[in-house]
Structure formats: C-alpha cells, structure tokens
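Quick note, the sequences are listed as chains V and D, same order. Each step along the first sequence adds one to the number in my numbering, with nothing skipped, and position 104 is 104. Each step along the second sequence adds one to the number in my numbering, with nothing skipped, and position 275 is 592. Working notes, beginning with the structure itself.
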Amino acid sequence: MHQFLTALPNTLLNGLAQGMMYALIALGYTLVYGILELINFAHGDVFMLGGLFSWAVLVQFFGGPLAANYGLLTGGTLVLALVVAFVVAMGSCGAVGFVIERFAYRPLRNSPRLAPLVTAIGVSFILENGVLVWQNASGNVAISFPNLIAPTFNLFGRSWDAKLTMVFVSSTLLMVGLLFLVQRTKIGKAMRATAQDPEAARMMGIDVNQVISMTFVIGSAMAGAAGVIYCINFNYVNFDMGFLAGLKAFTAAVLGGIGNIRGAMLGGLLVGEVETVVNSTGSVGIQWAESAVFLVLMLVLIARPTGLLGTTIVEKA
Amino acid sequence: MGKVRGGVLAGLRPGQRLIVGWLIVLVAAIFLPIILGPTGHQQDITDDFVQAEVYAMLALGLNVVVGFAGLLDLGYAAFFAIGAYIFGLLSSAQFQPTSTFSSPIISWGPTGIHANFWIFLPGCALIAAFFGVILGAPTLRLRGDYLAIVTLGFGEIVHKTVLNLGPSNALGWPDITGGDNSLSGIFQPQLGPLQFSTDQVPWYYLGLAVLAVIIIIAYSLQNSRLGRAWVAMREDELAAACMGINLTRTKLLAFSMGAFFSGFAGVIQGSRIGAVNPEQFIFAVSISILVMVVLGGIGSVPGVVLGASLIALIQFYLLDQLNTWAHGNFSVGPLNLSYPSLVPASFNVSEAEYLIFGIMLVLMMIFRPEGLIPSGRRRRELHPSEERIRVEENQQLYDMRSEGT
Numbered sequence: 001m002h003q004f005l006t007a008l009p010n011t012l013l014n015g016l017a018q019g020m021m022y023a024l025i026a027l028g029y030t031l032v033y034g035i036l037e038l039i040n041f042a043h044g045d046v047f048m049l050g051g052l053f054s055w056a057v058l059v060q061f062f063g064g065p066l067a068a069n070y071g072l073l074t075g076g077t078l079v080l081a082l083v084v085a086f087v088v089a090m091g092s093c094g095a096v097g098f099v100i101e102r103f104a105y106r107p108l109r110n111s112p113r114l115a116p117l118v119t120a121i122g123v124s125f126i127l128e129n130g131v132l133v134w135q136n137a138s139g140n141v142a143i144s145f146p147n148l149i150a151p152t153f154n155l156f157g158r159s160w161d162a163k164l165t166m167v168f169v170s171s172t173l174l175m176v177g178l179l180f181l182v183q184r185t186k187i188g189k190a191m192r193a194t195a196q197d198p199e200a201a202r203m204m205g206i207d208v209n210q211v212i213s214m215t216f217v218i219g220s221a222m223a224g225a226a227g228v229i230y231c232i233n234f235n236y237v238n239f240d241m242g243f244l245a246g247l248k249a250f251t252a253a254v255l256g257g258i259g260n261i262r263g264a265m266l267g268g269l270l271v272g273e274v275e276t277v278v279n280s281t282g283s284v285g286i287q288w289a290e291s292a293v294f295l296v297l298m299l300v301l302i303a304r305p306t307g308l309l310g311t312t313i314v315e316k317a
Numbered sequence: 318m319g320k321v322r323g324g325v326l327a328g329l330r331p332g333q334r335l336i337v338g339w340l341i342v343l344v345a346a347i348f349l350p351i352i353l354g355p356t357g358h359q360q361d362i363t364d365d366f367v368q369a370e371v372y373a374m375l376a377l378g379l380n381v382v383v384g385f386a387g388l389l390d391l392g393y394a395a396f397f398a399i400g401a402y403i404f405g406l407l408s409s410a411q412f413q414p415t416s417t418f419s420s421p422i423i424s425w426g427p428t429g430i431h432a433n434f435w436i437f438l439p440g441c442a443l444i445a446a447f448f449g450v451i452l453g454a455p456t457l458r459l460r461g462d463y464l465a466i467v468t469l470g471f472g473e474i475v476h477k478t479v480l481n482l483g484p485s486n487a488l489g490w491p492d493i494t495g496g497d498n499s500l501s502g503i504f505q506p507q508l509g510p511l512q513f514s515t516d517q518v519p520w521y522y523l524g525l526a527v528l529a530v531i532i533i534i535a536y537s538l539q540n541s542r543l544g545r546a547w548v549a550m551r552e553d554e555l556a557a558a559c560m561g562i563n564l565t566r567t568k569l570l571a572f573s574m575g576a577f578f579s580g581f582a583g584v585i586q587g588s589r590i591g592a593v594n595p596e597q598f599i600f601a602v603s604i605s606i607l608v609m610v611v612l613g614g615i616g617s618v619p620g621v622v623l624g625a626s627l628i629a630l631i632q633f634y635l636l637d638q639l640n641t642w643a644h645g646n647f648s649v650g651p652l653n654l655s656y657p658s659l660v661p662a663s664f665n666v667s668e669a670e671y672l673i674f675g676i677m678l679v680l681m682m683i684f685r686p687e688g689l690i691p692s693g694r695r696r697r698e699l700h701p702s703e704e705r706i707r708v709e710e711n712q713q714l715y716d717m718r719s720e721g722t
C-alpha cells in the first residue's frame, strides 16, 4: 500500500500520458459520431495503420543509423524523424479515412442504422486482418518500432523523461489544434453546423458530403498521430494493437458523452488514469485493469446514459 | 420466394410452402450421415456438420436479439461461454469434493462432479438466459450504439474473467476455469446404451434435434405477441411504449431468449469437444456469429440457418481448398491443374479467414443488405421502391407539382 502511494504521483503522470493517447483516438470517434451518428469501428485500426506507416517510412529513410542497433537519434535528426513520422502517419491515415468513408460508408448513408455499423465492423476486420496477412506473408511477424528517443534529456538544469514529454507536447499541440480548427475556422463551423442539422446546413450552402469527408480525414489523422505516439512509447507495431486501444478510446468517447469534443478528451484522460492506476496495484491489477475500464463504463452509463458531458438526446418522433 | 422455390412447391400457400421446405431440409439432414457412408473421412465431415449446427444455434439466438428485437449485441459469445463453462464445471473433474453425493440429476465425489447432461442441457441454457437478464437490466436505458459498446464490454469482461480465474491467478484463488490452459476432461453424455464420445454421428443427431426445437421456438416467438412487441420496439421504442408495450420486460426477454439458445450451443460444444478454452469466445467469435446473421438475412430464420451453414462451409472446407489452390494445385473432379504457387510457401490462406469475413460483411451491406434469404419485412424496408405504396406517394407528389405550375 505504501509503495502504491509513494508511486502514485508518477502513476498519475503515466496515466495522463496514456489518457492523452486515448483522447486523441477518442476525438476521431466523437467527431464522426457527432455528424453521422455512426460508430466508426475501423477507427482503432486506422490508429494501428498510423504506427505501421510511420515505421515503414522511418526504417526506409533513417534506415542507416536505425538499422544498426535501432539506436537513438539526437538533435536535428531526431526532430526531422519525428516530423516525418507524424506527417506521414497523419497524411496516410487521413487518406485511408477518406477512402473508407467514400467507399464503405457513403453508399449506406440512408440505410437503417444497423447497416453502416456492420460495414464498419467489416472494414475493421479488413484492415486488421489485411495487415495480419501482410505481416505473416512478408515475414514481419514481430515488428519492433525504432527506439528513437533517449530516455531522458537535460533542460533547465534537471533531467526530464523524454517520452512523457514527447507525449504531452505532441498531444497537447494536436488537441489545441483540433479545438482551434473546430471552433475558429470555416470548415470547423461547417462541421458544427452539419452535426447540428445536416438538412439546414445543406440549405445554407454547405457541401455536406465534403464536410463529412473532411471529418473522416481529420479524425483519422488524429488517430494516425496517436499511432505514432503509441509506437514510439511502446516500441512495437502489431496488427492487433488497434483493437483494444480503439475499444478503450471508444469507451472514453462514450464516457465523456459521444459527439462532444471536450467529453472525448475528458473521457480519454479518465480511462487512461483508471487503467494505469489499477495496473499499478500489482499483479491483480494487471490482470483486471481492462475489466475495470469496462466496469467504469457500465457504471457511468447506468448513472448517465449519455455520458459525463453528453446532452440528453430527445427521441426522434 | 415462390419463384425461387419454383416447381413442386408452386401450388402451396406460403405457410405450407415453408413447412414443406423445412421438412425437405430435415429429411436431407437426417439421411446425410448415411449418404456420407462409414469411411474414415466421414468423421471429419460429420464433425464439420456438428460445428455448423452449433453455429446455427448461436446465429438463431443472436437473431432473436439483433433481428427480432433490434438490439445490437456485440458480446454475444459471452453467453456461449457461460453455457459451456457452467456445464464444464458441473460435469468434469475440475472440482473434486471430498464428500460424496449421488442422485439421478447430479452426483459428486472425489472423481469430480457428474451432472446429468439431459437435465443440464436445458438447465445451463436457463442459467445463460439468467445472465442475459443480468446483462440486460443495466442496459435498459441505453440507446442503440451505447448498448452495442456495453455488450462488447461485457463480452470482454467475461473473456478476461475466465482467463483470470485460471491456475495460479493473481487473486490467489484456487483454479476455477482452467484459464488459458482450458477446462478439459468434460464428461460426455450417455443415452441408454449409447455413449457419446469421439464418434460424431450421435452428436450430429443430437444437434439436429436441438436445432429443430430451436427453429420451432424461433418461429413461434416471431409470430407471437412477444415477437410483434419486439418488432414494434425495434421500429420505434417511444411509439411501442405508448401502445402499452412494457419495454423493460420486452427487452429483457429478448436478451434472455438469445442467451438461452446460445446456452444449448455452449453445452453441446463443450461436452462434444470435452474441453472449453477462452479463445473460443473472443470478440472475433461474436462478430463471426453476427456475420452469419447478416449474411443470411437479419430477422430471417431460414436465412440465419443458411448463413451459419455457409460460414461453416467457408471455415472448414473452402479455406482449405483455397489454400491448396493458391499453392498451385487446382483439382475439381477430373480437372487437375498444376502451376507455380501464387503465395509464399509458408503462407496459409486460412490466416485470411477474418479478412474474408470482413470483405463479406462490407460487400453484403453495400449490395444486398437484406441478406441471402431476407425476411419479408426487412426487404420491404430496404427496397421501398418495390412497394406499390411508394409509387402512389410519388404519383401524388407529381400531381401536386403539376397543379402548382
């Protein structure tokens, strides 16, 4: 118990980092749900693709120093590698999101609600198992992600945890950027309008299809970035890493009130903290951490069926 | 539908046609093991057919929840697991009580617990149904998508619980479920002189009998007062409640009926294989069952049975065939072709099983969302243009416009 308490500040910090990652993924779920009322089940797998794409590019372009001993990068090379990893992951995941929406979800826009959800599950299976097949066929069964960052760095006369700093800085930048995009730009305004009332938005001259495409691109790009952060943190990429991460991020989105951007962030942090704190309680905690996350979800939903920050949804007549 | 069945059945009313159709299937199914003949190969094929029967039971159960009542359950394999594990615990040497007790229903002693299969087959199904109510109760207030995610969470919790209560678990408890070592040595039933064991033919007929009962129950449910309440609730909860339907009761009955069916599947599967493993109940299994329902036709009893059979066919036959074909040997009947392997030698096509399921889900939803054998109601829903009423609506709209100009 004493050990648990002395480690608690550190645990909470780690939980915060984990939570920010979940929050980034949860934002994609919530953006799409806010507009289409669709659970984009494939979102977790887009997150996985983000890690995979950035791995491919890093190994390709920084192969020399990396391939030697998957060594650490420093200074300008590190910054360049990080920027390239993020840009590639966000760009390619955005493209994947665009394609998924265009070919899997758009044809079903007016079908009964179950249809696009089932399609989404199908797309998730395609991405996940497509990568599995590729991994097995190409012999990349266990991919270790380059260990880019030295564990600590010195600044202002003390040493800092480099990975945690990277998670905090990049996640904060991304989330602030997203809030700015949604609240202050024209496309953000169009997104909010479409979420409120697609018909009325159309009448105001908003190209709803384009807005929906943009929403998928933005959400998927966030997931791609989360994928890079996750992989740098844990040094591996695997076809199945999107499933649980996606599930927990979705839990986070629901917890916060799905469709609500701040709710997704809050829910992400909460899920990250619950998981990390339960994990830190020893072997029992490690085995039951996932169950604890889902238990919290169930309890919150029983008390507040629309999540913590969600508004009551009036049944449509 | 009449056109599809054609010829012999053409003169019959739809209800009679349905019964005759099922009877033909039943007779074919009864003679199947006899036709297959008593070769060694037959056991393998019969094994696949029993598996298909178990799938059909599961798919029919999920169909009650998703198809009839419109409640998307993404953790359905949990009930399958509950049925299998409870029977496994009550009918194996997992627990070895020091006291002895003997009765026709259940007996125990140092050699383990022996539950009577024939009583605990429906018994464990009832227990699974009870768990259906337990899961259903907290989700009553949730709307569709929230419900989906909570059921998914429930499925994951059940899976994790089974894993975490194995040998040398972190809680320091005794081994309960066997964990990922699986729970093995489940006793197999006896019927008069017939001992069920590795011979698959008795299992096949047992599965067929249970499946027949489940199909009859499914039809009766569909056409009952409860079935109509489910449809009303699926279409519009608010309107249904206003018409005096007790939503709590209706929803809980849907969950428990669905779980009830999967309990049968769990007991039969567990006892037949003699072991249960947590890997049999992962999320992908819940989704496979959903694929069966969607493929066959959501809400359609014959469709769902067909969907389950097709998935079994793909899993146990087509994937192997595809594998040999992809590795450069194509042989169908007298045709024998040999060519360079299309895939790396180490690659097994069956690894792509869930990739294929995913593609099937997407294509089905885009091109034939009503499934292979659609239920009448859903076909009308998805293709309203075929309905005369829509034509009349359009007609009216046109008239009003032309009057305006």
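Cβ atoms here follow ideal geometry from the backbone N, Cα and C, with glycine treated the same way.
Going along chain D, which residues have a C-beta under 8 Å from residue i?
i: V:Thr-119; result: Leu-678, Val-679, Met-682 and Ile-683
i: V:Leu-173; result: Under the 8 Å cutoff, chain D gives no residues; its nearest Cβ is about 29 Å from V:Leu-173.
i: V:Phe-250; result: Ile-466
Straight-line CA distance for residue i to residue j?
i: D:Met-574; j: D:Pro-506; result: 25 Å
i: D:Glu-687; j: D:Val-611; result: 8 Å
i: V:Pro-107; j: V:Phe-98; result: 14 Å
i: V:Ala-67; j: V:Ala-85; result: Only weak support is given to the placement of V:Ala-67: the predicted model assigns it a pLDDT of 48, under 50, and the value that follows is read from those uncertain coordinates. Using only the alpha carbons, I get a separation of about 16 Å.
i: V:Gly-272; j: V:Phe-53; result: 25 Å
i: V:Gly-188; j: V:Phe-153; result: 37 Å
i: V:Leu-117; j: V:Leu-301; result: 20 Å
i: V:Tyr-70; j: V:Met-241; result: Note that V:Tyr-70 scores 45 on pLDDT, short of 50, meaning its location in the model is unreliable and no value can be drawn from it.
i: D:Ile-316; j: D:His-431; result: With chain D covering 318 to 722 only, the question about residue 316 of chain D has no answer from this structure.
i: V:Val-32; j: V:Leu-181; result: 15 Å
i: V:Met-222; j: D:Val-337; result: 56 Å
For the alpha helix (DSSP H) holding residue i, just list the boundary residues, first then last.
i: D:Val-610; result: 600-613
i: V:Leu-284; result: Looking at the sequence shown, residue 284 of chain V is not Leu but Val. Note, V:Val-284: alpha helix (DSSP H), 283-303.
i: D:Val-381; result: That residue, D:Val-381, is in no alpha helix (DSSP H); it is neither H nor E in DSSP.
i: D:Trp-490; result: Per DSSP, D:Trp-490 belongs to no alpha helix (DSSP H) and is neither H nor E.
i: D:Phe-674; result: 670-684
i: D:Tyr-634; result: Run containing D:Tyr-634: none; DSSP gives neither H nor E here.
i: V:Met-204; result: Counting along the chain, V:Met-204 falls outside any alpha helix (DSSP H), and DSSP gives it neither H nor E.
i: V:Gln-21; result: Residue identity check: residue 21 of chain V is Met in the sequence provided, not Gln. Taken as a continuous stretch (DSSP letters only), the alpha helix (DSSP H) holding V:Met-21 covers 2-36.
i: V:Phe-53; result: 43-61
Please name the residue or residues paired with residue i in a DSSP beta bridge.
i: V:Asp-161; result: V:Thr-152
i: D:Phe-507; result: Reading the sequence as shown, one finds Gln at residue 507 of chain D and not Phe. Paired residue(s): D:Gln-512.
i: V:Ile-143; result: V:Val-237
i: D:Ile-423; result: D:Ala-432
i: D:Val-593; result: D:Leu-500
Could you please give the first and the last residue of the uninterrupted beta strand (DSSP E) stretch that includes residue i?
i: D:Ala-432; result: 429-432
i: D:Asn-653; result: 652-655
i: D:Ser-537; result: No beta strand (DSSP E) contains D:Ser-537, which is instead part of the alpha helix (DSSP H) from 517-539.
i: V:Ile-261; result: V:Ile-261 -> not in any beta strand (DSSP E); alpha helix (DSSP H) instead, spanning 261-279.
i: V:Ile-138; result: Here residue 138 of chain V is Ser; the residue named in the question, Ile, does not match the sequence. Taken as a continuous stretch (DSSP letters only), V:Ser-138 belongs to no beta strand (DSSP E), being part of the alpha helix (DSSP H) at 114-138.
i: D:Phe-647; result: 646-649
Exposed or buried, what is residue i when buried is set at 16 or more other beta-carbons lying within 10 Å of its beta-carbon?
i: D:Ile-352; result: exposed
i: D:Tyr-656; result: exposed
i: V:Thr-172; result: exposed
i: D:Gln-632; result: buried
i: D:Arg-589; result: buried
i: V:Asp-45; result: buried
i: D:Thr-415; result: exposed
Name the chain V residues that come within less than 7 Å of residue i, Cβ to Cβ?
i: D:Tyr-372; result: Near D:Tyr-372 there are no residues of chain V at all, since even the closest Cβ is about 18 Å away, more than 7 Å.
i: D:Val-367; result: Neighbours of D:Val-367 on chain V: none; closest Cβ ~26 Å, over 7 Å.
i: D:Phe-674; result: Phe-125
Chain V partners of residue i, CB-CB under 9 Å?
i: D:Arg-458; result: Leu-301, Ile-302 and Pro-305
i: D:Asp-462; result: Tyr-33, Glu-37, Leu-38, Ile-39, Arg-113, Leu-117, Val-254 and Ile-258
i: D:Ala-487; result: Gly-282, Ser-283, Val-284, Gly-285, Ile-286, Gln-287 and Trp-288
i: D:Asn-380; result: Chain V residues near D:Asn-380: none, gap ~13 Å exceeds 9 Å.
So which residues of chain V does residue i contact, with C-beta pairs closer than 8 Å?
i: D:Glu-473; result: Leu-247, Glu-290, Ser-291 and Phe-294
i: D:Val-660; result: Ala-137
i: D:Leu-389; result: Leu-114 and Leu-117
i: D:Thr-478; result: Ser-291
So which residues of chain D does residue i contact, with C-beta pairs closer than 7 Å?
i: V:Asn-352; result: Given that chain V is displayed from residue 1 to residue 317, the structure contains no residue 352 of chain V and the question cannot be resolved.
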